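Going by my numbering, the sequence shown opens with residue 5, and the numbers climb by one from there. So the structure is just underneath, and the comments pick up after that.
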Amino acid sequence: MNLLLESLRSALMSIRAHRLRSFLTSLGIIIGVASVITVISLIQGLSKSVSDQFEGLGGNGLTLRPHNEFKDIMRGKINYLRFDDVEQLRLRVDEIRELSPVFSPNASEVRFTGMSTTARVFATTASYQEVNQRYATVGRFISDSDNASARRVAVIGEKLIEELHLPANPVGQFVLYANEWFKIIGVMEKRGEIFGMSQDNYMIIPYKTGQSIIGNNTRPQLQITLAVRDLSKIEETRSHIRTVMRQTHRLTGDERDDFEIESADHIAKSFDQISTTVTLVMGGVVGIALLVGGIGIMNIMLVSVKERTREIGICKAIGARSRDILLQFLIEAVTLSLLGGLLGLAIGYALGVAIASMIPNFPPAVVPWWAVALAVLFSGTVGVVFGVVPASQAARLDPIEALRYE
(Lines of atoms letter the chains of each structure in order from A and count residues from 1; the text may use other names and numbers.)
(Lines give C-alpha, C1' and ligand atoms only; values in the text may rest on other atoms or scores of the structure.)
Protein backbone atom coordinates (compact mmCIF):
# COMPACT_ATOMS: atom_id res chain seq x y z
CA MET A 1 0.00 0.00 0.00
CA ASN A 2 2.83 2.40 0.86
CA LEU A 3 4.43 1.67 -2.52
CA LEU A 4 1.14 2.34 -4.26
CA LEU A 5 0.59 5.65 -2.46
CA GLU A 6 4.18 6.74 -3.12
CA SER A 7 3.82 5.88 -6.79
CA LEU A 8 0.57 7.87 -6.98
CA ARG A 9 2.20 10.86 -5.24
CA SER A 10 5.15 10.69 -7.65
CA ALA A 11 2.76 10.51 -10.63
CA LEU A 12 0.83 13.59 -9.47
CA MET A 13 4.06 15.51 -8.89
CA SER A 14 5.27 14.62 -12.39
CA ILE A 15 1.96 15.70 -13.94
CA ARG A 16 2.00 18.96 -11.96
CA ALA A 17 5.60 19.67 -12.98
CA HIS A 18 4.65 19.40 -16.67
CA ARG A 19 1.12 20.84 -16.66
CA LEU A 20 0.90 21.91 -20.28
CA ARG A 21 2.43 18.71 -21.61
CA SER A 22 0.15 16.62 -19.39
CA PHE A 23 -2.91 18.52 -20.62
CA LEU A 24 -1.95 18.14 -24.27
CA THR A 25 -1.23 14.45 -23.67
CA SER A 26 -4.69 13.95 -22.14
CA LEU A 27 -6.40 16.02 -24.84
CA GLY A 28 -7.20 12.97 -26.96
CA ILE A 29 -8.81 11.25 -23.95
CA ILE A 30 -10.70 14.43 -23.03
CA ILE A 31 -12.09 14.86 -26.56
CA GLY A 32 -12.96 11.16 -26.88
CA VAL A 33 -14.80 10.89 -23.56
CA ALA A 34 -16.53 14.27 -24.02
CA SER A 35 -17.76 13.23 -27.48
CA VAL A 36 -19.05 9.86 -26.25
CA ILE A 37 -20.83 11.37 -23.23
CA THR A 38 -22.37 14.14 -25.36
CA VAL A 39 -23.78 11.64 -27.86
CA ILE A 40 -25.01 9.25 -25.17
CA SER A 41 -26.64 12.03 -23.11
CA LEU A 42 -28.60 13.33 -26.12
CA ILE A 43 -29.75 9.90 -27.29
CA GLN A 44 -30.66 8.71 -23.79
CA GLY A 45 -32.54 11.95 -23.10
CA LEU A 46 -34.56 11.42 -26.27
CA SER A 47 -35.13 7.77 -25.39
CA LYS A 48 -36.39 8.64 -21.91
CA SER A 49 -38.74 11.26 -23.33
CA VAL A 50 -40.27 8.81 -25.81
CA SER A 51 -40.50 6.03 -23.21
CA ASP A 52 -42.40 8.37 -20.90
CA GLN A 53 -45.08 8.69 -23.56
CA PHE A 54 -46.02 5.05 -23.03
CA GLU A 55 -46.20 5.16 -19.24
CA GLY A 56 -49.86 6.08 -19.32
CA LEU A 57 -50.84 2.85 -21.01
CA GLY A 58 -48.53 0.69 -18.87
CA GLY A 59 -48.65 -3.03 -19.44
CA ASN A 60 -52.43 -3.41 -19.70
CA GLY A 61 -52.80 -1.74 -23.09
CA LEU A 62 -53.12 -3.71 -26.32
CA THR A 63 -53.48 -2.03 -29.68
CA LEU A 64 -55.03 -3.83 -32.64
CA ARG A 65 -54.33 -2.33 -36.05
CA PRO A 66 -54.30 -3.50 -39.67
CA HIS A 67 -51.04 -5.03 -40.89
CA ASN A 68 -49.79 -3.54 -44.14
CA GLU A 69 -46.41 -4.12 -45.72
CA PHE A 70 -44.89 -1.45 -47.94
CA LYS A 71 -44.74 -3.68 -51.01
CA ASP A 72 -48.45 -4.50 -50.65
CA ILE A 73 -49.36 -0.83 -50.26
CA MET A 74 -47.44 -0.03 -53.46
CA ARG A 75 -49.53 -2.69 -55.23
CA GLY A 76 -52.72 -1.12 -53.93
CA LYS A 77 -53.47 -3.97 -51.53
CA ILE A 78 -54.39 -2.39 -48.19
CA ASN A 79 -55.82 -4.20 -45.19
CA TYR A 80 -58.44 -2.63 -42.95
CA LEU A 81 -60.12 -3.37 -39.68
CA ARG A 82 -63.91 -3.32 -39.85
CA PHE A 83 -66.51 -1.70 -37.64
CA ASP A 84 -67.91 -5.19 -37.07
CA ASP A 85 -64.57 -6.24 -35.53
CA VAL A 86 -65.28 -3.93 -32.59
CA GLU A 87 -68.57 -5.67 -31.78
CA GLN A 88 -67.07 -9.14 -32.25
CA LEU A 89 -64.30 -8.41 -29.77
CA ARG A 90 -66.70 -6.83 -27.29
CA LEU A 91 -69.00 -9.85 -27.38
CA ARG A 92 -66.53 -12.74 -27.68
CA VAL A 93 -63.44 -11.77 -25.67
CA ASP A 94 -64.36 -11.73 -21.97
CA GLU A 95 -60.79 -10.88 -20.91
CA ILE A 96 -61.20 -7.34 -22.28
CA ARG A 97 -62.03 -4.80 -19.56
CA GLU A 98 -62.38 -1.74 -21.79
CA LEU A 99 -62.29 -1.30 -25.56
CA SER A 100 -61.77 1.91 -27.50
CA PRO A 101 -62.00 2.01 -31.31
CA VAL A 102 -60.31 5.02 -32.95
CA PHE A 103 -60.30 6.26 -36.54
CA SER A 104 -59.72 9.54 -38.35
CA PRO A 105 -62.26 10.98 -40.81
CA ASN A 106 -60.78 12.30 -44.03
CA ALA A 107 -61.15 16.00 -43.22
CA SER A 108 -58.55 17.70 -41.02
CA GLU A 109 -59.33 21.44 -41.22
CA VAL A 110 -60.94 23.06 -38.17
CA ARG A 111 -62.31 26.64 -38.25
CA PHE A 112 -63.33 29.23 -35.68
CA THR A 113 -64.47 32.82 -36.46
CA GLY A 114 -62.28 33.24 -39.53
CA MET A 115 -59.31 31.33 -38.11
CA SER A 116 -58.44 27.89 -39.45
CA THR A 117 -55.86 25.22 -38.72
CA THR A 118 -55.03 21.65 -39.62
CA ALA A 119 -55.50 19.25 -36.74
CA ARG A 120 -55.59 15.53 -36.09
CA VAL A 121 -59.25 14.68 -35.76
CA PHE A 122 -60.29 11.24 -34.60
CA ALA A 123 -63.49 9.57 -33.55
CA THR A 124 -63.66 7.35 -30.49
CA THR A 125 -65.86 6.24 -27.61
CA ALA A 126 -66.18 7.24 -23.95
CA SER A 127 -63.84 4.42 -22.93
CA TYR A 128 -60.90 6.21 -24.59
CA GLN A 129 -60.07 7.94 -21.31
CA GLU A 130 -59.91 4.75 -19.28
CA VAL A 131 -57.98 2.74 -21.85
CA ASN A 132 -55.40 5.42 -22.63
CA GLN A 133 -55.25 7.03 -19.18
CA ARG A 134 -55.75 10.50 -20.64
CA TYR A 135 -58.39 12.76 -19.21
CA ALA A 136 -60.16 16.07 -19.73
CA THR A 137 -58.91 18.82 -17.41
CA VAL A 138 -61.56 21.38 -18.42
CA GLY A 139 -65.18 20.48 -19.03
CA ARG A 140 -65.88 16.82 -19.68
CA PHE A 141 -65.09 14.01 -22.09
CA ILE A 142 -67.38 12.38 -24.64
CA SER A 143 -70.13 10.35 -22.94
CA ASP A 144 -71.94 7.19 -24.03
CA SER A 145 -75.06 9.24 -24.72
CA ASP A 146 -73.06 11.60 -26.97
CA ASN A 147 -71.95 8.57 -28.95
CA ALA A 148 -75.35 6.88 -29.03
CA SER A 149 -76.98 10.05 -30.37
CA ALA A 150 -74.07 10.91 -32.69
CA ARG A 151 -74.00 14.41 -31.24
CA ARG A 152 -71.85 17.11 -32.80
CA VAL A 153 -69.64 17.67 -29.78
CA ALA A 154 -65.86 17.73 -29.48
CA VAL A 155 -63.03 17.60 -26.97
CA ILE A 156 -59.88 19.44 -28.04
CA GLY A 157 -56.17 19.55 -27.19
CA GLU A 158 -54.64 22.72 -25.75
CA LYS A 159 -52.74 23.54 -28.94
CA LEU A 160 -56.02 24.19 -30.78
CA ILE A 161 -56.92 26.91 -28.27
CA GLU A 162 -53.76 28.74 -29.29
CA GLU A 163 -53.99 28.15 -33.04
CA LEU A 164 -57.69 29.06 -33.35
CA HIS A 165 -57.44 31.97 -30.86
CA LEU A 166 -60.15 30.42 -28.72
CA PRO A 167 -60.95 31.79 -25.24
CA ALA A 168 -58.87 30.41 -22.36
CA ASN A 169 -61.92 28.35 -21.40
CA PRO A 170 -63.38 27.33 -24.77
CA VAL A 171 -66.17 25.11 -23.38
CA GLY A 172 -69.43 26.10 -25.06
CA GLN A 173 -67.76 27.55 -28.17
CA PHE A 174 -68.53 26.14 -31.64
CA VAL A 175 -65.95 25.16 -34.26
CA LEU A 176 -66.57 24.23 -37.88
CA TYR A 177 -65.38 20.81 -39.03
CA ALA A 178 -66.40 18.85 -42.17
CA ASN A 179 -69.00 21.57 -42.88
CA GLU A 180 -70.71 20.94 -39.55
CA TRP A 181 -70.67 22.87 -36.29
CA PHE A 182 -69.26 21.09 -33.24
CA LYS A 183 -69.73 22.30 -29.69
CA ILE A 184 -66.59 22.14 -27.53
CA ILE A 185 -67.38 20.30 -24.31
CA GLY A 186 -63.89 19.77 -22.88
CA VAL A 187 -60.12 20.28 -23.12
CA MET A 188 -57.70 17.37 -22.72
CA GLU A 189 -54.69 17.42 -20.40
CA LYS A 190 -51.50 18.78 -21.94
CA ARG A 191 -49.01 16.25 -23.30
CA GLY A 192 -46.30 18.58 -24.61
CA GLU A 193 -44.13 18.06 -27.67
CA ILE A 194 -42.00 15.26 -29.07
CA PHE A 195 -39.48 15.53 -31.94
CA GLY A 196 -40.49 19.20 -32.12
CA MET A 197 -44.13 18.34 -32.92
CA SER A 198 -47.06 19.18 -30.67
CA GLN A 199 -49.06 16.30 -29.23
CA ASP A 200 -51.94 18.61 -28.31
CA ASN A 201 -53.03 19.63 -31.80
CA TYR A 202 -56.07 17.37 -32.07
CA MET A 203 -59.83 17.15 -31.73
CA ILE A 204 -61.87 14.16 -30.53
CA ILE A 205 -65.44 13.55 -31.68
CA PRO A 206 -67.89 10.72 -30.86
CA TYR A 207 -67.36 7.41 -32.65
CA LYS A 208 -70.79 7.29 -34.33
CA THR A 209 -70.51 10.95 -35.30
CA GLY A 210 -67.35 10.07 -37.18
CA GLN A 211 -69.14 7.18 -38.88
CA SER A 212 -71.90 9.50 -40.06
CA ILE A 213 -69.34 11.96 -41.46
CA ILE A 214 -67.45 9.40 -43.58
CA GLY A 215 -70.61 7.62 -44.74
CA ASN A 216 -71.04 3.97 -45.68
CA ASN A 217 -68.76 3.94 -48.71
CA THR A 218 -65.51 4.88 -46.97
CA ARG A 219 -63.27 2.45 -45.11
CA PRO A 220 -61.17 4.30 -42.53
CA GLN A 221 -57.89 3.11 -41.02
CA LEU A 222 -59.49 1.90 -37.82
CA GLN A 223 -57.45 0.78 -34.84
CA ILE A 224 -58.70 -0.60 -31.53
CA THR A 225 -57.08 -0.03 -28.15
CA LEU A 226 -57.94 -2.48 -25.39
CA ALA A 227 -57.36 -2.82 -21.64
CA VAL A 228 -57.27 -6.37 -20.26
CA ARG A 229 -58.78 -7.50 -16.97
CA ASP A 230 -55.84 -9.59 -15.73
CA LEU A 231 -52.29 -8.42 -16.45
CA SER A 232 -50.93 -11.90 -15.75
CA LYS A 233 -53.00 -13.26 -18.65
CA ILE A 234 -52.16 -10.62 -21.22
CA GLU A 235 -50.55 -13.15 -23.58
CA GLU A 236 -53.60 -15.44 -23.31
CA THR A 237 -55.81 -12.46 -24.10
CA ARG A 238 -53.65 -11.60 -27.09
CA SER A 239 -53.99 -15.19 -28.35
CA HIS A 240 -57.78 -15.13 -27.87
CA ILE A 241 -58.06 -11.81 -29.73
CA ARG A 242 -56.00 -13.25 -32.59
CA THR A 243 -58.26 -16.29 -32.84
CA VAL A 244 -61.42 -14.15 -32.92
CA MET A 245 -59.95 -11.80 -35.51
CA ARG A 246 -58.85 -14.62 -37.80
CA GLN A 247 -62.33 -16.11 -37.63
CA THR A 248 -63.99 -12.74 -38.23
CA HIS A 249 -61.72 -12.05 -41.23
CA ARG A 250 -62.17 -15.64 -42.46
CA LEU A 251 -58.47 -16.39 -42.64
CA THR A 252 -57.53 -20.00 -43.27
CA GLY A 253 -54.68 -21.85 -41.55
CA ASP A 254 -51.98 -20.98 -44.09
CA GLU A 255 -52.97 -17.33 -44.58
CA ARG A 256 -51.02 -14.62 -42.78
CA ASP A 257 -52.71 -12.28 -40.30
CA ASP A 258 -53.96 -9.08 -41.90
CA PHE A 259 -53.80 -7.40 -38.51
CA GLU A 260 -51.24 -6.95 -35.72
CA ILE A 261 -51.54 -6.79 -31.95
CA GLU A 262 -49.03 -4.71 -30.01
CA SER A 263 -48.74 -3.84 -26.34
CA ALA A 264 -47.66 -0.42 -25.09
CA ASP A 265 -44.69 -1.85 -23.20
CA HIS A 266 -43.65 -3.79 -26.31
CA ILE A 267 -43.54 -0.57 -28.34
CA ALA A 268 -41.55 1.13 -25.59
CA LYS A 269 -39.12 -1.80 -25.40
CA SER A 270 -38.68 -1.77 -29.18
CA PHE A 271 -37.76 1.90 -29.08
CA ASP A 272 -35.38 1.27 -26.18
CA GLN A 273 -33.66 -1.44 -28.23
CA ILE A 274 -33.31 0.92 -31.18
CA SER A 275 -31.93 3.72 -29.01
CA THR A 276 -29.50 1.31 -27.32
CA THR A 277 -28.23 0.14 -30.71
CA VAL A 278 -27.82 3.72 -31.91
CA THR A 279 -26.01 4.61 -28.67
CA LEU A 280 -23.59 1.71 -29.05
CA VAL A 281 -22.88 2.46 -32.71
CA MET A 282 -22.39 6.19 -32.16
CA GLY A 283 -20.38 5.57 -29.00
CA GLY A 284 -18.17 3.09 -30.85
CA VAL A 285 -17.54 5.49 -33.72
CA VAL A 286 -16.75 8.42 -31.44
CA GLY A 287 -14.74 6.10 -29.14
CA ILE A 288 -12.06 5.85 -31.81
CA ALA A 289 -10.85 9.19 -30.44
CA LEU A 290 -10.01 7.38 -27.21
CA LEU A 291 -7.59 5.14 -29.07
CA VAL A 292 -5.93 8.22 -30.55
CA GLY A 293 -5.66 9.62 -27.03
CA GLY A 294 -4.14 6.36 -25.82
CA ILE A 295 -1.48 6.49 -28.51
CA GLY A 296 -0.69 10.06 -27.44
CA ILE A 297 -0.23 8.92 -23.85
CA MET A 298 2.11 6.11 -24.93
CA ASN A 299 4.23 8.48 -27.00
CA ILE A 300 4.60 11.02 -24.21
CA MET A 301 5.35 8.32 -21.65
CA LEU A 302 8.10 6.95 -23.92
CA VAL A 303 9.56 10.45 -24.07
CA SER A 304 9.24 10.69 -20.29
CA VAL A 305 11.21 7.44 -19.89
CA LYS A 306 14.02 8.89 -21.99
CA GLU A 307 14.03 12.14 -20.02
CA ARG A 308 14.11 10.33 -16.67
CA THR A 309 16.63 7.63 -17.55
CA ARG A 310 19.22 8.93 -15.04
CA GLU A 311 16.48 9.18 -12.37
CA ILE A 312 15.57 5.54 -13.03
CA GLY A 313 19.24 4.57 -12.78
CA ILE A 314 19.57 6.32 -9.40
CA CYS A 315 16.38 4.64 -8.09
CA LYS A 316 17.67 1.22 -9.12
CA ALA A 317 21.13 1.91 -7.70
CA ILE A 318 19.65 2.62 -4.24
CA GLY A 319 17.52 -0.53 -4.24
CA ALA A 320 14.39 0.06 -6.34
CA ARG A 321 13.18 -3.12 -8.01
CA SER A 322 12.11 -3.38 -11.64
CA ARG A 323 8.50 -3.94 -10.60
CA ASP A 324 8.62 -0.74 -8.51
CA ILE A 325 9.70 1.24 -11.57
CA LEU A 326 7.05 -0.56 -13.67
CA LEU A 327 4.33 0.32 -11.15
CA GLN A 328 5.43 3.94 -10.91
CA PHE A 329 5.25 4.60 -14.66
CA LEU A 330 2.07 2.56 -15.08
CA ILE A 331 0.30 4.50 -12.32
CA GLU A 332 1.43 7.75 -13.93
CA ALA A 333 -0.07 6.71 -17.28
CA VAL A 334 -3.34 5.56 -15.65
CA THR A 335 -3.60 8.74 -13.56
CA LEU A 336 -3.05 10.89 -16.63
CA SER A 337 -5.71 8.94 -18.51
CA LEU A 338 -8.24 8.98 -15.65
CA LEU A 339 -7.86 12.71 -15.09
CA GLY A 340 -8.48 13.23 -18.80
CA GLY A 341 -11.51 10.93 -18.62
CA LEU A 342 -13.05 12.79 -15.66
CA LEU A 343 -12.49 16.16 -17.33
CA GLY A 344 -13.99 14.80 -20.55
CA LEU A 345 -16.97 13.50 -18.58
CA ALA A 346 -17.71 16.94 -17.16
CA ILE A 347 -17.25 18.64 -20.55
CA GLY A 348 -19.41 16.02 -22.29
CA TYR A 349 -22.28 16.47 -19.85
CA ALA A 350 -22.08 20.26 -20.15
CA LEU A 351 -22.09 20.02 -23.97
CA GLY A 352 -25.05 17.63 -23.90
CA VAL A 353 -27.08 20.00 -21.72
CA ALA A 354 -26.09 23.00 -23.87
CA ILE A 355 -26.96 21.30 -27.18
CA ALA A 356 -30.28 19.96 -25.84
CA SER A 357 -31.25 23.45 -24.66
CA MET A 358 -30.30 25.00 -28.01
CA ILE A 359 -32.52 22.65 -30.05
CA PRO A 360 -36.18 23.79 -29.84
CA ASN A 361 -38.42 21.35 -27.91
CA PHE A 362 -35.63 18.81 -27.54
CA PRO A 363 -35.84 16.77 -24.30
CA PRO A 364 -33.22 17.38 -21.55
CA ALA A 365 -29.93 15.47 -21.80
CA VAL A 366 -29.62 12.42 -19.56
CA VAL A 367 -26.35 10.76 -18.58
CA PRO A 368 -27.04 7.23 -17.23
CA TRP A 369 -24.82 5.82 -14.48
CA TRP A 370 -23.49 3.11 -16.79
CA ALA A 371 -22.17 5.77 -19.19
CA VAL A 372 -20.20 7.39 -16.35
CA ALA A 373 -18.85 4.02 -15.20
CA LEU A 374 -17.98 3.04 -18.78
CA ALA A 375 -16.16 6.33 -19.43
CA VAL A 376 -14.05 5.99 -16.26
CA LEU A 377 -13.37 2.29 -16.85
CA PHE A 378 -12.43 2.80 -20.49
CA SER A 379 -10.16 5.73 -19.64
CA GLY A 380 -8.36 3.65 -17.02
CA THR A 381 -8.08 0.74 -19.44
CA VAL A 382 -6.56 3.02 -22.10
CA GLY A 383 -4.01 4.19 -19.53
CA VAL A 384 -3.09 0.60 -18.63
CA VAL A 385 -2.93 -0.69 -22.23
CA PHE A 386 -0.89 2.21 -23.61
CA GLY A 387 1.17 2.69 -20.45
CA VAL A 388 2.47 -0.89 -20.25
CA VAL A 389 5.02 -0.50 -23.04
CA PRO A 390 6.74 2.64 -21.65
CA ALA A 391 6.58 1.24 -18.09
CA SER A 392 8.13 -2.05 -19.20
CA GLN A 393 10.85 -0.19 -21.08
CA ALA A 394 11.65 1.82 -17.94
CA ALA A 395 11.67 -1.30 -15.75
CA ARG A 396 14.12 -3.11 -18.06
CA LEU A 397 16.76 -0.35 -18.01
CA ASP A 398 20.17 -1.40 -16.75
CA PRO A 399 21.09 0.82 -13.76
CA ILE A 400 24.73 1.29 -14.85
CA GLU A 401 23.77 2.22 -18.42
CA ALA A 402 21.01 4.46 -17.06
CA LEU A 403 23.46 6.35 -14.84
CA ARG A 404 25.76 6.92 -17.82
CA TYR A 405 22.90 8.27 -19.96
CA GLU A 406 23.36 11.90 -21.00
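Even for Gly, the Cβ is constructed at its ideal location relative to N, Cα and C. Bear in mind that the values here come from a model prediction, so they are computed numbers and not experimental data.
Residue i, buried or exposed, once every other Cβ within 10 Å from all chains shown has been counted against 16
| i | result |
| --- | --- |
| residue 307 | exposed |
| residue 288 | exposed |
| residue 210 | buried |
| residue 150 | buried |
| residue 304 | buried |
| residue 162 | buried |
| residue 153 | exposed |
| residue 277 | exposed |
| residue 171 | exposed |
| residue 176 | exposed |
| residue 158 | buried |
| residue 285 | exposed |
| residue 192 | buried |
| residue 382 | buried |
| residue 168 | buried |
| residue 74 | exposed |
| residue 68 | buried |
| residue 321 | exposed |
| residue 129 | buried |
| residue 296 | exposed |
| residue 47 | buried |
Helix, strand or coil at residue i [DSSP, three-state]
| i | result |
| --- | --- |
| residue 181 | strand |
| residue 36 | helix |
| residue 355 | helix |
| residue 211 | helix |
| residue 281 | helix |
| residue 187 | strand |
| residue 82 | coil |
| residue 363 | coil |
| residue 114 | strand |
| residue 176 | coil |
| residue 394 | helix |
| residue 267 | strand |
| residue 145 | coil |
| residue 377 | helix |
| residue 369 | coil |
| residue 1 | Here the chain covers residues 5 to 410 and nothing more, so residue 1 does not appear. |
| residue 48 | helix |
| residue 253 | coil |
Close Cβ partners of residue i (< 6 Å) along its chain, the five nearest in sequence each way excluded
| i | result |
| --- | --- |
| residue 102 | 131, 134, 135 and 231 |
| residue 249 | 263 |
| residue 4 | For the chain, the structure presents residues 5 to 410; residue 4 sits outside this window and is missing. |
For residue i, the nearest candidate out of the options (CA to CA)
| i | options | result |
| --- | --- | --- |
| residue 317 | 399, 250 and 370 | 399 |
| residue 208 | 280, 370, 263 and 106 | 106 |
| residue 166 | 205, 81 and 330 | 205 |
| residue 97 | 257, 377 and 243 | 243 |
| residue 334 | 299, 349, 372 and 394 | 394 |
| residue 202 | 164, 326, 378 and 138 | 164 |
| residue 137 | 118, 182, 265 and 194 | 194 |
| residue 380 | 17, 112 and 36 | 36 |
| residue 89 | 78, 45, 70 and 99 | 70 |
| residue 112 | 104, 44, 181 and 139 | 181 |
| residue 66 | 226, 216 and 241 | 241 |
| residue 425 | 227, 362 and 378 | Since the displayed the chain opens at 5 and closes at 410, residue 425 lies outside it and no answer follows. |
| residue 174 | 144, 86 and 148 | 144 |
| residue 189 | 160, 183, 326 and 221 | 160 |
Residue i CB to nearest heavy atom of the ligand SAM below 8 Å
| i | result |
| --- | --- |
| residue 158 | Looking for the ligand SAM in the displayed structure turns up nothing, as the structure carries no ligands at all. |
8 Å CB neighbourhood of residue i in its chain, flanking five on each side removed
| i | result |
| --- | --- |
| residue 384 | 338, 341, 342 and 345 |
| residue 19 | 26, 336, 339, 340 and 343 |
| residue 301 | 29, 30, 32, 33, 337, 340, 341, 386, 387, 390 and 391 |
| residue 330 | 395, 396, 398 and 399 |
Close-in-space but distant-in-sequence residues of the same chain around residue i (CB under 7 Å, 5 per side omitted)
| i | result |
| --- | --- |
| residue 357 | 369 |
| residue 351 | 34 and 38 |
| residue 214 | 107, 109 and 127 |
| residue 49 | 360, 367, 368, 369 and 370 |
| residue 218 | 109, 110 and 224 |
| residue 155 | 210 and 213 |
| residue 23 | none |
| residue 253 | 262 |
| residue 374 | none |
For residue i, the residue or residues it bridges with in DSSP
| i | result |
| --- | --- |
| residue 206 | 124 |
| residue 158 | 188 |
| residue 231 | 65 and 102 |
| residue 197 | 202 |
| residue 107 | 127 |
| residue 119 | 116 |
| residue 140 | 192 |
| residue 70 | 263 |
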